[in-house]
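In structure tokens form, the structure reads like this:
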């Protein structure tokens, strides 16, 4: 109790306003806690919370990212999925993809609302790890952080492959230099990420170009849209015979659930919002405005991509524009796809490095990975992430067949859905336990907040367990993921918790948890 009291006194000395009264437990939960989120930048908050040498060596750049750059960052994480990947879902029928994307769009809006509230109330780069630590414990927080980090590393390898394949088609279509392009694209991304201010400027421009290209290119091809081609689906029945159908849902509910992972290509990445917050100025307005604009952009662009591209042959996994335009010049298609491919790789490297930085700063990973340069970039986290991207890409290139790729794709989707399940639960518990926590942006009505969280949780459950019910690959992959998490848990409990550091976000969480438990 004395340690908890010392933490509370320390926060009061550093400008975090906390009630000095500590009555019985029920009243303590109502204690007014005011975060300076709306009064100081996140970097200033970190300086106020802890100015010792450990944090000073791990200080990110001064916050100056605005709402436009937040928009560019979030859209950059998503936009490559509008050029490649989702088209494999057409094998289950356009109607199945439409239903799946309706669920995905509703989910994204609901999830974004509560995520915006969490980010502005608890503005730390720890992100999902911080939220889990606040309402569960450090061990669960460790597992949650590892889950999202692994998902991003897999996604980063895929984005590296996509960008390199685009460059291969553009610069050397007759030569196999894809590994060289792995190094080339990652080197460029590293160079930009080492200067965070340059990163946000570049990602905003490339995201804008990507959206403009996908909209104008696909609308130019819309005149060739064929209803019959769009809803014509070929599939194999239970007897192994090929069938053709023009029904809206040719495979029924199975087709809807089977197409959900591919529909997620159109939205996945928007959840990365927390990882730019410590570098964002005026988060009370920049985060909500940037996220709202990003949601609108993603919805508009994704629906254009989904519907207009539907005339392509079902199940084709190549570059979408090649089939939409039926161009003989693949280099022109590659040029159109390049900004989106590069945006995805650049933004995923940024997010992955910030996740590793946040885990390292809190002690969940070796603390050396959170050291920052004079420009405020976590250079060792960036380097480590880049090496893993490259290694995964090379391994996937030489070892994955179609079946193995599908299984790995399912594993990545399961990891993402675990995060989508954890955050609504954390949001509800934070709402309940800390009702007076200062929230610069919030869902005002308690019933509306509960509805939004329950809605996103329910859709995420349907996405996960609907596929598990229908597909044995999902059943086995989910089992292996759960086994892996069980194996990691003892490491978190017996090893990691002994290495945890009093980083600013962990100190703040400890104070809040102490007040709730008082």
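Numbering (this note's numbering), first residue to last: 5 to 522.
Note that CB positions come from ideal geometry on N, CA and C, so glycine has one too.
Boundaries of the alpha helix (DSSP H) harbouring residue 125: 98–125, taken from the DSSP string. In this structure, the alpha-carbon of residue 142 lies about 42 Å from that of residue 308. Fewer than three pairs of CB atoms, one per stretch, sit closer than 8 Å, so the region 89–105 makes no contact with the region 388–405.
Measuring C-alpha to C-alpha distances from residue 426 to each of 415, 458, 408, 99 identifies 458 as the nearest. Taking all protein chains in view, the Cβ of residue 265 is crowded by 16 or more other Cβ atoms within 10 Å, so the residue is classified as buried. Under the DSSP assignment, residue 249 falls outside any alpha helix (DSSP H), being part of the beta strand (DSSP E) whose first and last residues are 246–249. For residue 436, the enclosing alpha helix (DSSP H) covers residues 406–437. Cβ atoms of residue 409 and residue 255 stay farther apart than 8 Å, at about 22 Å. Looking at the DSSP output, residue 239 sits in a beta bridge with 247. According to the DSSP secondary-structure assignment, residue 69 is paired through a beta bridge with 284.
The region 379–392 makes no contact with the region 105–114; the number of CB pairs closer than 8 Å stays below 3. Separation of the CB atoms of residue 248 and residue 236 is rounded to 7 Å, and the pair is thereby assigned contact status at 8 Å. Between residue 434 and residue 135, the beta carbon gap of about 7 Å places them in contact (Cβ cut-off 8 Å).
The DSSP-derived three-state label of residue 229 is coil. DSSP places residue 252 outside any alpha helix (DSSP H), giving it a letter other than H or E. Taking 9 Å as the cut-off, the beta carbon of residue 351 is found closer than this to the beta carbon of residue 276.
With respect to the C-alpha of residue 346, the residue from 371, 176, 168 having the closest C-alpha is 168. The way I'd put it, the region 358–373 doesn't touch the region 170–185; fewer than three beta-carbon pairs between them come closer than 8 Å. By the neighbour-count criterion, in which a residue is buried when 16 or more other Cβ atoms sit within 10 angstroms of its Cβ, residue 251 is exposed. Counted as a single uninterrupted DSSP element, the stretch harbouring residue 445 is not any alpha helix (DSSP H), since DSSP gives it neither H nor E.
Membership of residue 481 in the alpha helix (DSSP H) is indicated by the continuous run 476–498.
Taking the Cα positions, residue 233 is about 19 Å away from residue 306.
DSSP places residue 382 in the coil class of the three-state scheme, outside both helix and strand. Annotation for residue 171: 185 place their beta carbon closer than 6 Å to its own, counting only its chain and skipping 5 residues before and after.
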